[in-house]
Every structure is written in structure tokens, then in C-alpha cells.
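**Q**
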């Protein structure tokens, strides 16, 4: 599982709620630093349809 799949599984789930447009992740109330290796905690993340589409096609080819 790649870093972006981990991040966007959280982001896409939360942004699917009607009142959530963007997600910012904090650890112990802090948002300085990095999530995993490539994602800044200070950034706001939006729904990423590309992650959903790429996983669907991967699952279909692996079955």
C-alpha cells in the first residue's frame, strides 16, 4: 500500500461527508512535520478521484 493510498483513504472518506470539503491531519494536536514521508501535516487535502480509480483497476486485475 502506497503513502498516497493511506492518506487519501482517510481524506476521501471524510470529504465524502456533506459538510467536509478539505482535511488537515494533526498528530497530538500538532500540524508541523510530515505524515509518512511525502505529505506535510500543514497542508489541506481534498478528495482525490485518481486514487479511487487506480485502486479499482488494480483490484480488478488482481482477481
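In the UniProt record's numbering, the protein residues as written are 1 to 63. Think of the CB as a built atom: it goes at the ideal place given N, C-alpha and C, for glycine as much as any other residue.
1. Given residue 26, which residues of its chain have a CB within under 8 angstroms of its CB, disregarding the five upstream and five downstream residues?
2. Give the secondary structure of residue 30 by DSSP, where H, G and I count as helix, E and B as strand, and everything else as coil.
3. What's the call for residue 17, buried or exposed, on a 16-neighbour Cβ count within 10 Å?
4. Would you call residue 50 buried or exposed, if buried means 16 or more other Cβ atoms sit within 10 Å of its Cβ?
5. Hey, how far is the Cα of residue 45 from the Cα of residue 38?
**A** On the basis of the coordinates in this document:
1. Here the set comprises 41.
2. Look at residue 30 here: in three-state DSSP terms it is strand.
3. So residue 17 ends up on the exposed side.
4. Per the 10 Å Cβ criterion, exposed.
5. Separation of residue 45 and residue 38 (C-alpha to C-alpha, rounded to the nearest whole angstrom) is 13 angstroms.
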